[in-house]
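Structure, as structure tokens:
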Amino acid sequence: MTKNSQAQCDTECNTADQNTHVKTITLGCRFNYYESELERMRILAENPDQDVVIINTCTVTHEAERQSKQAVRKAIRENPRAKVIVTGCAAKTSYEYFRDLDGVHKIVQNDEKTKFDAGTLQKSGRQLFEDRTRAFLQIQNGCNHHCSYCIIPYTRGKSQSLPIEFIVEQIKYFCSVGINEIVLSGIDIMSYGDDFQDKKSLADVMETIINQTEAQRLRISSIDPNGIDDRLFALITQEKRIMPNLHLSIQSGDNDVLRKMRRRHTREDVIDLCNRILDARSDFVFGSDFIVGFPSETDECFGNTVKLVHEAHLSLLHVFPFSPRKNTVAAQMIQLPRTTINSRAKILRDVAQDALSLAMTQNIGQTRSCIIEKCDDGVSVGKTDNYLPVKVKSRHDAPAVVPCKLLSIDDQDNVLLGEFV
Ligand code: SF4
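Take the sequence shown: its position 146, counted from the start at 1, is 327 in this note's numbering, and no numbers get skipped.
In structure tokens, the structure reads:
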């Protein structure tokens, strides 16, 4: 599973153009951010004078779907003159709900969303991600797997990849407009190129980007722990333009639960991979997604998840309390009590806090290349190259990449405190 399935559904990102009336509200995965930008550009290109609100919804958990509906209702309420367009995964799973909701102008299904092409870009005369620090570049869509809890293959269809030449063209464009960091994203990015006649892999894409573009800071959005072949391993551990940070789609630290989830890795795979990467590149920081309270998860199974955080040196955890999705295998299983699920989520979030503190402590004293995401009231905030949050009590224009010496931890904001050097 990628970040796009159970992960990141707790996030909502809003962008509005100061000079126009196109606003996007994005829930869910990074993939959705990219698509929201495309849709915004298409509308600006076709009719820049329209008042439009696009809500890119998510359905990966029950909660994500609830939040999506809430976001649409709120958008209708707060923008009575705007055309409200609903798209994303919940536009499919809750089609009737949105169709019958007063104030929804149009529903756009995932396969009707705007595809990136240079023509759209030129017509709009604007920059994709113009107000962003980093660009999320969608290189793959859909998924051929059938994890037992996941609705994504139903909402997004089979895996499809963008041609490498097209990806290179887009990255050159991002570089030309000064975007400092590019995150390659996809629903199941490890399947990249499986759908081509002359099979390609993620390693092929990464190598080509490195050889043919000027991109200085590359990241991969989220990958399966068992999908990293030797070439990709060599790239992420040796190529300095790939940032020392990976987000792993782990979901559980217990092999029985992983089997029931129909995942394709074991806890041993995760431990082995993380330790091998750290041996080769010691400043790596790992992020990961976990679902807690999956049907059949015992206290012992959950204990294995907690142990895995330490054994695999995981630092940036996203914890998702399990919620069954209609039409999935896991929804037919005997569910755990909600109180058990919630209390395990709380325990794992506390573990996550300790793990993040440990990673931040280990980085104190180092000077790292940081990307400044914003600056408010003379305080600059951003991320280190290994994706730890950092704050500097002095002004710097954003976005920018600057070296920062990491001095201490700001316990109140839970970030590293640094100084520009
Ligand atoms: S089916 Fe599995 S691999 Fe595919 S998107 Fe869902 S969780 Fe990820």
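Backbone N, C-alpha and C fix where the C-beta goes; we use that ideal spot for every residue, glycine too.
Residues bridged to residue i [DSSP beta-bridge criterion]
i, result
"Glu362", "Arg315 and Arg398"
"Gln432", "Phe471"
"Asn426", "Val466"
"His499", "Asp470"
"Thr336", "Thr336 is not bridged to any residue."
"Ile404", "Leu429"
"Val532", "DSSP, once it has assigned bridges, lists no residue as partnering Val532."
"Cys556", "Ser561"
"Tyr601", "According to the sequence shown, residue 601 is Phe rather than Tyr. The partner list for Phe601 (beta bridge, DSSP) reads Cys585."
"Val487", "DSSP, once it has assigned bridges, lists no residue as partnering Val487."
"Gly374", "According to DSSP, Gly374 bridges with nothing at all."
Collapsed DSSP secondary structure at residue i in the structure displayed
i, result
"Leu604", "Nothing can be reported for residue 604, as the shown portion of the chain is limited to 182 through 602."
"Asp594", "coil"
"Gln189", "Bear in mind that a pLDDT of 35 at Gln189, under 50, signals an unreliable position, so the number given afterwards is only what the model happens to contain. Looking at Gln189 - three-state DSSP - the assignment turns out to be coil, as it is neither helix nor strand."
"Gln341", "strand"
"Cys551", "strand"
"Ser477", "coil"
"Val438", "helix"
"Cys239", "coil"
"Leu587", "strand"
"Leu208", "strand"
"Gly284", "coil"
"Ile320", "strand"
"Ile266", "strand"
"Lys527", "helix"
"Lys572", "strand"
Candidates the options, of which the one nearest residue i by Cα
i, options, result
"Ile236", "Glu216, Arg262 and Thr207", "Thr207"
"Asp283", "Asn291, Lys255, Val358 and Ser477", "Lys255"
"Glu244", "Gly209, Glu218, Asn228 and Asn260", "Gly209"
"Asp411", "Ile431, Gln393, Asn392 and Glu388", "Glu388"
"Ser402", "Gln419, Thr447, Ile458 and Asp470", "Asp470"
"Glu554", "Ser430, Ala396, Val583 and Ile257", "Val583"
"Glu481", "Ala461, Asn436 and Arg440", "Asn436"
"Pro406", "Glu449, Asp376 and Lys421", "Glu449"
"Lys507", "Ile352, Cys331 and Glu259", "Cys331"
"Pro334", "Pro344, Gln321 and Glu346", "Gln321"
"Gly367", "His446, Lys204, Cys324 and Thr509", "Cys324"
"Arg422", "Ser329, Thr394 and Cys239", "Thr394"
"Ala461", "Gln248, Tyr214, Gly338 and Ile417", "Ile417"
"Leu518", "Thr238, Asp557, Leu225 and Pro505", "It should be noted that the sequence gives Pro, not Leu, for residue 518. Ranking the options by Cα distance to Pro518, first place goes to Pro505."
"Cys556", "Arg223, Glu259 and Asp578", "Asp578"
Residue j beta carbon less than 8 Å from that of residue i
i, j, result
"Ser538", "Ile590", "yes"
"Asn523", "Pro425", "no"
"Ala316", "Ile360", "yes"
"Leu318", "Val364", "yes"
"Ile266", "Val241", "no"
"Leu497", "Val466", "yes"
"Val562", "Leu597", "no"
"Arg525", "Phe483", "yes"
"Leu413", "Leu383", "yes"
"Ile404", "Ile370", "yes"
"Ser433", "Thr486", "yes"
Any chain B beta carbon closer than 8 Å to residue i
i, result
"Leu318", "Absent from the structure is chain B; it holds one protein chain and no more."
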